[in-house]
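Here is the structure we will look at, set down as structure tokens.
There are 2 protein chains.
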Amino acid sequence: MVQLKQFQCDALLRAAEAACVENGARLTHRRRQVLSALMQSPNPLSAYEVLDSCNRSAATSMPAMSVYRILDFLEQQSLVHRLASSNKYVSCSHIACDHKHFQKTHFLLCEACSSVEEVDATEEANQALDHMASAAGFKLTSQQFELSGICTTCQNNAG
Amino acid sequence: MVQLKQFQCDALLRAAEAACVENGARLTHRRRQVLSALMQSPNPLSAYEVLDSCNRSAATSMPAMSVYRILDFLEQQSLVHRLASSNKYVSCSHIACDHKHFQKTHFLLCEACSSVEEVDATEEANQALDHMASAAGFKLTSQQFELSGICTTCQNNAG
DNA sequence: TCGTGAACGATACATTATATCATTTATAGC
DNA sequence: GCTATAAATGATATAATGTATCGTTCACGA
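Sequences listed follow chains W and Y, in order.
In this text, residue positions in the first sequence follow my numbering: the first is 1, and each later residue adds one.
In this text, residue positions in the second sequence follow my numbering: the first is 1001, and each later residue adds one.
Spelled out as structure tokens, the structure:
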């Protein structure tokens, strides 16, 4: 996930708006601000980091309450994802395409640069984790794993 | 993980103390209180839940600062584990045995009863996740996954 | 145009976490 | 046993994060 250029961001916002309309929801100005902040960030942002970002790039200041409300909304619309391990948010990588999150979605978190890569679960991984869980009597329901590691770029920079 | 009876708890505390001594550390009264609170809880506890638990079961009240400090200490000693997804703590399942956390340790979280099961990673799961990550150019370093599901007991109760 | 509900603004407050410094306690060396 | 030292804790203030509540504004349909 890299910081988006403005024209890319605009295209995504149009796609996001279309997705909302399809769900009978609206992508208001405030919601657009929040989503835009996340799309333009190379890293996941906490609620207050989103707030700061919005307030830096806009004339009118947004109340913290709104950020929390709007993040909940955007998450319900699958336009952003919440990373439980860090309690931060990222914009969905699949806003513009027709990806429907049928597969479980996992996140690869780079420990070096904090970038996030959204990936679909593999059947192999699903099975292996199901096995591991069922050996302990658990029936898995998790839809999302957050795995730490080092991304390609940082591997190259280090080596 | 079930709530521990007192005599079990005492045995674990002795083992924990031995482990600390081996590391040149001490299991003080306060640390014992915190560890004991976690051992006696069937569920993971947040820092302030630990605090409340300690203050209910003791004459002298503990400052919040101490809980944070002591949780950090106990985590370093591998006597408790921090669950990143909920930002709560559980006592380690392997205090009394000679388990050394050589393997990656994962946690199965029951969505119904909030119980936690600590399990060793399987080779199968390690490989599957490595594959999934390397397909996206990531080199995994995660040592700990937190997987949600339904535990045996709750499956039976529901069925 | 008006009624309705959704979205937002504003305020207060609750919860969680950290910074800092003083005090106490355990331990080693004498 | 006594003291110097570092570790551990106590105490206080404050920062950061998250929620509750209610009044107002706005979009949309009847």
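Positions of the beta carbon are idealized from the N, C-alpha and C atoms, including for glycine.
Just so it is clear, the structure is predicted and the values come from calculations on it, not from any experiment.
Could you tell me if residue 1044(Y) is buried or exposed, where buried requires 16 or more neighbouring beta carbons within 10 angstroms of its beta carbon?
Buried.
Return the residues of the stretch 108-120 of chain W that lie within a Cβ-Cβ distance of less than 8 Å from chain Y, sorted by chain order.
If the cut-off is 8 Å between Cβ atoms, the stretch 108-120 of chain W has 108, 110, 111, 117 and 119 near chain Y.
With a threshold of 16 other CB atoms inside 10 Å of the CB of residue 1050(Y), please say whether the residue is buried or exposed.
Label assigned to residue 1050(Y): buried.
Buried or exposed, going by whether 16 or more other CB atoms sit within 10 Å of the CB of residue 1106(Y)?
It is buried - the Cβ of residue 1106(Y) has at least 16 other Cβ atoms within 10 Å.
Since residue 116(W) contacts residue 109(W) with CB under 8 Å, what's their CB separation in whole angstroms?
Yes, residue 116(W) and residue 109(W) are in contact; Cβ-Cβ is about 6 Å, under 8 Å.
Alpha carbon to alpha carbon, how far is residue 136(W) from residue 1155(Y)? Give it in angstroms, no decimals.
Rounded to the nearest angstrom, the two C-alpha atoms are 13 Å apart.
I want to see whether chain Y comes within less than 9 Å of residue 40(W), judged by CB atoms only; does it?
No - not a single Cβ of chain Y is within 9 Å of the one on residue 40(W).
How about residue 150(W): is its C-beta nearer than 9 Å to some C-beta of chain Y?
Yes, residue 150(W) counts as interfacial toward chain Y.
Give the single residue among 1090(Y), 1111(Y), 1097(Y) and 1084(Y) whose Cα lies nearest to the Cα of residue 1144(Y).
Nearest of 1090(Y), 1111(Y), 1097(Y) and 1084(Y) to residue 1144(Y), Cα basis: 1084(Y).
Is there a Cβ from chain W that is less than 9 Å from the Cβ of residue 1105(Y)?
No, no contact with chain W.
Using CA coordinates, which residue listed in 1034(Y), 1021(Y) and 1130(Y) is at the minimum distance from residue 1071(Y)?
Of 1034(Y), 1021(Y) and 1130(Y), the residue nearest in Cα terms is 1034(Y).
Using Cβ-Cβ distances below 8 Å, what residues of the stretch 75-96 of chain W are close to chain Y?
Under the 8 Å Cβ criterion, the stretch 75-96 of chain W contributes 84, 85, 86 and 87.
Buried or exposed for residue 1090(Y), please, with buried defined as at least 16 other CB atoms from any protein chain shown within 10 angstroms of its CB.
Buried, by the Cβ-count rule.
Got a sec: is the Cβ-Cβ distance from residue 131(W) to anything in chain Y below 9 Å?
For residue 131(W), the answer is yes, since a Cβ of chain Y falls inside 9 Å of its Cβ.
Where residue 128(W) and residue 101(W) are concerned, what is the direct C-alpha to C-alpha distance, given to the nearest angstrom?
The straight-line gap from Cα to Cα measures roughly 21 Å.
Mind pulling the chain W residues with CB within less than 8 Å of residue 1057(Y)?
Within 8 Å Cβ-Cβ: nothing; residue 1057(Y) doesn't reach chain W, min ~30 Å.
For residue 109(W), does the three-state DSSP call read helix, strand or coil?
Three-state DSSP puts residue 109(W) in a strand.
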